[in-house]
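Protein chains in written order, with the working numbering: chain A, 335 to 472; chain B, 335 to 472; chain C, 335 to 472. Think of the CB as a built atom: it goes at the ideal place given N, C-alpha and C, for glycine as much as any other residue.
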Amino acid sequence: MRSFTRELWFEVPRRMDFVHITREVQDCVQESGVQEGLCLVNAMHITASVFINDNEGGLHEDYKEWLERLAPHDPSRYRHNRTGEDNGDAHHKRQVMGREVTVAITEGQLHLGTWERIFYGEFDGRRKKRVLVKIIGE
Amino acid sequence: MRSFTRELWFEVPRRMDFVHITREVQDCVQESGVQEGLCLVNAMHITASVFINDNEGGLHEDYKEWLERLAPHDPSRYRHNRTGEDNGDAHHKRQVMGREVTVAITEGQLHLGTWERIFYGEFDGRRKKRVLVKIIGE
Amino acid sequence: MRSFTRELWFEVPRRMDFVHITREVQDCVQESGVQEGLCLVNAMHITASVFINDNEGGLHEDYKEWLERLAPHDPSRYRHNRTGEDNGDAHHKRQVMGREVTVAITEGQLHLGTWERIFYGEFDGRRKKRVLVKIIGE
Chain A
335 MRSFTRELWF EVPRRMDFVH ITREVQDCVQ ESGVQEGLCL VNAMHITASV FINDNEGGLH
395 EDYKEWLERL APHDPSRYRH NRTGEDNGDA HHKRQVMGRE VTVAITEGQL HLGTWERIFY
455 GEFDGRRKKR VLVKIIGE
Chain B
335 MRSFTRELWF EVPRRMDFVH ITREVQDCVQ ESGVQEGLCL VNAMHITASV FINDNEGGLH
395 EDYKEWLERL APHDPSRYRH NRTGEDNGDA HHKRQVMGRE VTVAITEGQL HLGTWERIFY
455 GEFDGRRKKR VLVKIIGE
Chain C
335 MRSFTRELWF EVPRRMDFVH ITREVQDCVQ ESGVQEGLCL VNAMHITASV FINDNEGGLH
395 EDYKEWLERL APHDPSRYRH NRTGEDNGDA HHKRQVMGRE VTVAITEGQL HLGTWERIFY
455 GEFDGRRKKR VLVKIIGE
């Protein structure tokens, strides 16, 4: 069994935004030498997501508006913010979009559908945060 | 290490519906010969889900009504639909229900709880779409 | 390849509550002897979740209030409850919070971000329920 571990760093200039990271994950797969296996990609922060969807700007704006409606930023709304934080909303948005994806590796490539793209979802940005790529296989 | 890869095809006649696929996934596990491992099952499309829940028709109708309330079909509501699509809602519904499940394989069987069943969740049907089953283990 | 399987039991005295289980999962990793691999942790019940977020009581109260707003307990609201159940809401809350997490194992430890903690999320408690920990790796 082979394994591969890499932490990717991001600093998103806006509070909420999505970063396309399929290329970075593909590079990890190539470097790992794994031909058949699984590739876990997860946010290492609890106010961020890794998710798979379309690389289409209009959809991303739709997501932001929808997440803002489901869990508004409004800092006074969350008990969590009594700890001195103002990111209670981000902990909620991240649960809707998910923490992680697991992607199959087949014949040395990410086994993705035609339109599947991997994104880092930031909900409390403007600071450095990490994504973990862990690959196991053969 | 053994690995196994299979793409399952579905053509759901309605825009939104759920298809019970536990049997198909079990067949893959059997065919793989894996006794101890992990089985990833994921939608290969970004307007569909794979999820685990109850095989109970009333619940499925509840889910549809709830998802329609959280992300109504209404095509004029989504910027994504300016690209010529009418499935903006489906990209949202899929995020609530999730892209994938990972199921343990123990003693050659899917290690599921008593009521756990695997479903393909379609939110933009009436065309052929794929689910990926990837198994690794020993 | 090594593998490890353990079912953890919980009996949560309230209908909805969250139980911190990072320690129990860490113990499984240690016992497995796996140095590099993946650790799947999933609810074996379809009215419960396993998720990763902050170990902060205010946030947990925020989550409960938010989930209650997204899918109120109100038993008359769900077709599912015509089967004699009163837990239709729990099947919905669990979909928002997710069924499972997959955590990387690196150098014999759960590879978690600074604030990542693993929780069992109960939405239909007051009875014994199970969580599965499955580890594969080397």
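Can you tell me whether residue i is helix, strand or coil according to DSSP?
| i | result |
| --- | --- |
| A/Leu401 | helix |
| A/Thr339 | strand |
| B/His354 | strand |
| A/Arg413 | helix |
| A/Gly471 | strand |
| B/Glu345 | strand |
| A/Val465 | strand |
| A/Asp408 | coil |
| C/Glu419 | coil |
| C/Gln369 | coil |
Using DSSP bridges, identify the partner residues of residue i.
| i | result |
| --- | --- |
| B/Ala424 | In the DSSP output, where bridge partners are listed per residue, B/Ala424 has none listed. |
| B/Arg451 | B/Asn387 |
| A/Thr436 | A/Leu374 |
| B/Glu456 | B/Asp351 and B/Ala382 |
| C/Gln443 | C/Thr440 |
Compare the beta carbon distance of residue i and residue j with 8 Å and say whether it is the shorter of the two.
| i | j | result |
| --- | --- | --- |
| B/Arg433 | A/Ile386 | yes |
| C/Lys427 | B/Ala438 | no |
| A/Leu342 | A/Glu358 | yes |
| A/Gly447 | B/Arg464 | yes |
| A/Gly422 | C/Leu393 | yes |
| A/Gln443 | C/Val430 | no |
| B/Val384 | B/Val435 | yes |
| A/Gly471 | B/Ile470 | yes |
| C/Phe344 | C/Cys362 | no |
| A/Met335 | A/Phe457 | no |
| A/Phe453 | A/Val353 | yes |
| C/Ile380 | B/Glu399 | no |
| A/Arg411 | C/Glu395 | no |
| B/Glu419 | C/Thr417 | no |
Are the C-beta of residue i and some C-beta of chain D separated by less than 8 Å?
| i | result |
| --- | --- |
| B/Glu450 | No chain D appears in this structure, whose protein chains are A, B and C. |
Exercise. For the region 378 to 393 of chain B, which residues have a CB atom closer than 9 Å to at least one CB atom of chain C, in sequence order?
Worked result: Phe385, Ile386, Asn387, Asp388, Glu390, Gly391, Gly392 and Leu393
Exercise. For the region 394 to 417 of chain C, which residues have a beta carbon sitting closer than 9 Å to at least one beta carbon of chain B?
Worked result: Leu404, Ala405, Arg411, Tyr412, Arg413, His414, Asn415, Arg416 and Thr417
Problem set entry | Interface residues of the region 344 to 365 of chain A facing chain C [CB-CB below 7 Å] | none
Exercise. Given a limit of 7 Å on CB to CB distance, which residues of the region 438 to 449 of chain A reach chain C?
Worked result: none
Problem set entry | Contact residues within the region 421 to 438 of chain A, judged by C-beta distance below 9 Å to chain C | Gly422, His425, His426, Arg428, Gln429, Val430, Gly432, Arg433, Glu434 and Thr436
For this session: Report the residues of the region 459 to 472 of chain B with a CB closer than 8 Å to any CB of chain A, ordered along the chain.
Result: Arg464, Leu466, Lys468 and Ile470
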